[in-house]
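Working notes, structure below.
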Amino acid sequence: MRITELFQRGEFVLTAEVGPPKGVELDHLIKDAHEYLKTRVHALNVTDNQSSVMRTGSLATCKVLKDEGLLPIFQITCRDRNRIALQSDVLSAALLGIENLLLLTGDYTTLGDHPQAKPVFDLDSVSLIHAVKRLEEGFDIAGNAVDGAPPKFAKGAVVSPCSDSVDVQLAKMEAKVKAGCEYFQTQGVYEPEKFIKFMEQAKQFGVPVQLGLIIPKNVGMCRYMNANVAGVHVPDEMIKELQADKEKTKAGDTGVEICARLIKECKDYAQGVHIMSLGWENRIPEILDMAGIAPITPVV
Amino acid sequence: MLITQLKSKETIEALAQGKTVIINCHGCKEVYFAEHEADELQKDLSGVTQIITTDYICNPDNLKLQLQKHTDVINAADTILVFSCGVGVQTVAAQFESKKVYSCCDTYPLPGFQGVTPLNVDCGQCGECYLNGTGGICPITACSKSLLNGQCGGAKEGMCEVDKEMECGWERIYRKLEKLNKLDNMKYEAPKVRNYHNPNAEEPTI
Numbered sequence: 073m074r075i076t077e078l079f080q081r082g083e084f085v086l087t088a089e090v091g092p093p094k095g096v097e098l099d100h101l102i103k104d105a106h107e108y109l110k111t112r113v114h115a116l117n118v119t120d121n122q123s124s125v126m127r128t129g130s131l132a133t134c135k136v137l138k139d140e141g142l143l144p145i146f147q148i149t150c151r152d153r154n155r156i157a158l159q160s161d162v163l164s165a166a167l168l169g170i171e172n173l174l175l176l177t178g179d180y181t182t183l184g185d186h187p188q189a190k191p192v193f194d195l196d197s198v199s200l201i202h203a204v205k206r207l208e209e210g211f212d213i214a215g216n217a218v219d220g221a222p223p224k225f226a227k228g229a230v231v232s233p234c235s236d237s238v239d240v241q242l243a244k245m246e247a248k249v250k251a252g253c254e255y256f257q258t259q260g261v262y263e264p265e266k267f268i269k270f271m272e273q274a275k276q277f278g279v280p281v282q283l284g285l286i287i288p289k290n291v292g293m294c295r296y297m298n299a300n301v302a303g304v305h306v307p308d309e310m311i312k313e314l315q316a317d318k319e320k321t322k323a324g325d326t327g328v329e330i331c332a333r334l335i336k337e338c339k340d341y342a343q344g345v346h347i348m349s350l351g352w353e354n355r356i357p358e359i360l361d362m363a364g365i366a367p368i369t370p371v372v
Numbered sequence: 002m003l004i005t006q007l008k009s010k011e012t013i014e015a016l017a018q019g020k021t022v023i024i025n026c027h028g029c030k031e032v033y034f035a036e037h038e039a040d041e042l043q044k045d046l047s048g049v050t051q052i053i054t055t056d057y058i059c060n061p062d063n064l065k066l067q068l069q070k071h072t073d074v075i076n077a078a079d080t081i082l083v084f085s086c087g088v089g090v091q092t093v094a095a096q097f098e099s100k101k102v103y104s105c106c107d108t109y110p111l112p113g114f115q116g117v118t119p120l121n122v123d124c125g126q127c128g129e130c131y132l133n134g135t136g137g138i139c140p141i142t143a144c145s146k147s148l149l150n151g152q153c154g155g156a157k158e159g160m161c162e163v164d165k166e167m168e169c170g171w172e173r174i175y176r177k178l179e180k181l182n183k184l185d186n187m188k189y190e191a192p193k194v195r196n197y198h199n200p201n202a203e204e205p206t207i
């Protein structure tokens with residue numbers, strides 16, 4: 073199923089991110105997905121060599137999850153593939169019955185574990201969205217006809233509501249919508265007031281937006297994100313909150329509470345929530361319970 | 002070696018809006034410049050208040066010196082048209098922050114020795130000059146990822162995720178277009194996709 077259908081039905085769409093391992097042992101990922109995510113989120117984003125670190129591929133992992141009865145979202149970045157490979161993988165996804173895409177420019181190669189690699193960036197997030205739309209219209213980006221019935225996807229992208237240059241982000245968001253983007257997931261939000269202000273401007277585009285959350289695990293992680301991760305800012309009060317009860321934070325309970333609170337505060341302004349748990353998939357049910365979000369009936 | 006090829010007459014005519022100052026750069030021996038064709042074309046342009054032919058405009062100090070005696074006419078101008086390689090256009094655009102500075106040439110590489118310019122990294126010699134839509138800041142060289150459709154979202158406090166000493170090129174472009182009241186430039190009809198088959202000095206397609 074395409075998750076755009078869920079948005080159209082007016083559902084509050086819940087997604088979570090899972091990262092394939094560096095290696096082909098997916099047992100742990102699959103077990104966690106069944107145990108903690110299947111009845112709590114509608115779909116699972118599968119990252120594409122996240123942070124430019126080489127891992128098992130997103131498309132293959134999507135197929136494994138689909139075969140497990142879960143609904144995958146194929147994340148595609150422009151870092152490692154040129155326009156030929158990107159379009160080919162999009163068609164491959166259609167062939168495998170993967171109907172949900174999240175289309176990204178991608179982190180630069182030097183941020184990951186193969187800093188010597190050639191960065192590609194032949195297309196970018198906007199032109200990749202355009203390329204997928206063209207495939208849906210029956211043509212590749214060079215204008216050649218595609219044989220048979222064209223594929224149909226839910227085309228998603230990302231945006232950073234708490235960016236220090238939110239006007240530039242809104243301009244890019246508009247370009248993505250114009251190119252054919254049908255839903256957005258946001259970068260991690262820790263400042264509800266910024267998110268709400270952003271949504272007031274973003275609603276003009278008429279495209280659903282899922283609030284992005286990164287579970288704050290500890291103070292070090294927050295400081296690291298503040299220094300290094302674009303579009304993410306953990307305010308001082310929140311860092312103090314994590315410092316206040318060290319045992320509670322260590323147990324992960326403070327991070328869970330913060331996420332639940334952020335959902336409650338932003339819920340009325342968003343059309344869903346996307347949780348990036350970075351290995352803490354087991355805490356997602358608690359976050360959703362605490363935020364008053366009931367389990368879902370799985371869709372495939 | 003570089004070749005600067007004139008954009009089409011229609012393109013250049015459309016760029017010459019209001020009082021127009023033309024700057025020709027005949028500096029480098031290593032750059033082929035279509036001097037005669039440029040002269041002919043410039044004769045037919047309307048609204049031209051001054052044609053300045055000089056050299057090495059890629060050097061900001063030299064440019065400032067060369068243009069000193071034309072300060073009044075430049076200040077009064079609405080548009081500056083630059084006939085030079087991509088480096089020259091960007092140097093002029095940086096010097097006249099609030100003016101509309103347009104490139105009238107596309108720059109292609111030729112194998113072998115490249116021109117000696119102090120800022121030669123600023124022109125990617127892509128053969129399809131984007132400077133006219135980006136406020137005179139080159140997305141190919143000012144953006145680490147050479148993106149054509151806006152910032153990647155990796156910038157932190159305006160600095161690039163790849164090189165923290167470098168400003169985000171697309172944020173610079175956005176701010177410049179904002180200043181020029183030209184933000185609509187970013188609303189493309191279709192997303193831009195680079196033509197890697199294009200930098201071909203024998204058969205330029207533009």
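So the protein lines, in turn, are chains A and B. 73 is the number of the first residue of the first sequence in my numbering; add one for each residue after it. 2 is the number of the first residue of the second sequence in my numbering; add one for each residue after it. Glycine included, C-beta positions come from ideal geometry on N, C-alpha and C. Since this is a predicted model, take the numbers as computed values, not measurements.
My assumption, with CB atoms under 8 Å, is that residue i sits in contact with residue j. Please give the rounded CB distance.
i: residue 143 of chain B; j: residue 170 of chain B; result: 3 Å
i: residue 63 of chain A; j: residue 282 of chain A; result: The structure shown has nothing for residue 63 of chain A, since chain A only spans 73 to 372.
i: residue 18 of chain A; j: residue 322 of chain A; result: Because chain A spans 73 through 372 in this model, residue 18 of chain A falls outside it and cannot be assessed.
i: residue 16 of chain B; j: residue 82 of chain B; result: 6 Å
i: residue 159 of chain B; j: residue 168 of chain B; result: 6 Å
i: residue 132 of chain B; j: residue 196 of chain A; result: Wrong, their Cβ atoms sit about 19 Å apart, outside the cutoff.
i: residue 123 of chain A; j: residue 179 of chain A; result: 6 Å
For residue i and chain A, any beta-carbon pair shorter than 9 Å?
i: residue 126 of chain B; result: no
i: residue 219 of chain B; result: Shown here, chain B extends from 2 to 207; a query on residue 219 of chain B therefore has no answer.
i: residue 143 of chain B; result: no
i: residue 139 of chain B; result: no
i: residue 87 of chain B; result: no
i: residue 76 of chain B; result: no
i: residue 136 of chain B; result: no
i: residue 180 of chain B; result: no
i: residue 19 of chain B; result: no
i: residue 183 of chain B; result: no
i: residue 163 of chain B; result: yes
i: residue 35 of chain B; result: no
i: residue 43 of chain B; result: no
i: residue 177 of chain B; result: no
i: residue 170 of chain B; result: no
i: residue 129 of chain B; result: no
Spell out whether any CB of chain B is found under 9 Å from the CB atom of residue i.
i: residue 125 of chain A; result: no
i: residue 156 of chain A; result: no
i: residue 233 of chain A; result: no
i: residue 174 of chain A; result: no
i: residue 152 of chain A; result: no
i: residue 365 of chain A; result: no
i: residue 186 of chain A; result: no
i: residue 266 of chain A; result: no
i: residue 259 of chain A; result: yes
i: residue 121 of chain A; result: no
Can you check which of these residues, the options, is closest to residue i by C-alpha distance?
i: residue 137 of chain A; options: A:148, A:90, A:125; result: A:90
i: residue 376 of chain A; options: A:266, A:170, A:273; result: The first residue shown for chain A is 73 and the last is 372, placing residue 376 of chain A beyond what the model contains.
i: residue 366 of chain A; options: A:113, A:107, A:95, A:105; result: A:113
i: residue 181 of chain A; options: A:225, A:120, A:229, A:277; result: A:120
i: residue 165 of chain B; options: A:335, A:301, A:334; result: A:301
i: residue 26 of chain B; options: B:84, B:92, B:147; result: B:84
i: residue 31 of chain B; options: B:182, B:162, B:108; result: B:108
i: residue 318 of chain A; options: A:339, A:292, A:334; result: A:292
i: residue 79 of chain B; options: B:101, B:129, B:140, B:127; result: B:101
i: residue 185 of chain B; options: B:151, B:22, B:194; result: B:151
i: residue 263 of chain A; options: A:203, A:338, A:201, A:295; result: A:338
i: residue 239 of chain A; options: A:185, A:371, A:271; result: A:271
i: residue 75 of chain A; options: A:92, A:258, A:225, A:305; result: A:225
Flag this pair as yes or no: are the beta carbons of residue i and residue j separated by less than 9 Å?
i: residue 254 of chain A; j: residue 228 of chain A; result: yes
i: residue 50 of chain B; j: residue 10 of chain B; result: no
i: residue 43 of chain B; j: residue 65 of chain B; result: no
i: residue 193 of chain A; j: residue 127 of chain A; result: no
i: residue 297 of chain A; j: residue 260 of chain A; result: yes
i: residue 177 of chain B; j: residue 104 of chain B; result: no
i: residue 207 of chain A; j: residue 163 of chain A; result: yes
i: residue 94 of chain A; j: residue 118 of chain A; result: no
i: residue 124 of chain B; j: residue 153 of chain B; result: no
i: residue 86 of chain A; j: residue 268 of chain A; result: no
Give a yes or no on contact between the stretch 218-227 of chain A and the stretch 238-246 of chain A, applying the rule of three or more CB pairs nearer than 8 Å.
no
Take every Cβ of the stretch 326-342 of chain A, pair it with every Cβ of the stretch 279-295 of chain A, and state whether three or more of those distances are shorter than 8 Å.
yes
If contact is defined by three or more beta carbon pairs under 8 Å, each pair taking one atom from either stretch, is the stretch 342-357 of chain A in contact with the stretch 307-323 of chain A?
no
Pairing CB atoms from the stretch 87-106 of chain B with CB atoms from the stretch 39-59 of chain B, are three or more of them under 8 Å?
Because the criterion of three Cβ pairs below 8 Å is met, the stretch 87-106 of chain B and the stretch 39-59 of chain B touch.
Between the stretch 144-151 of chain A and the stretch 166-173 of chain A, do at least 3 Cβ pairs fall closer than 8 Å?
yes
Under 8 Å: do the stretch 35-45 of chain B and the stretch 347-358 of chain A share three or more Cβ pairs, one atom per stretch?
no
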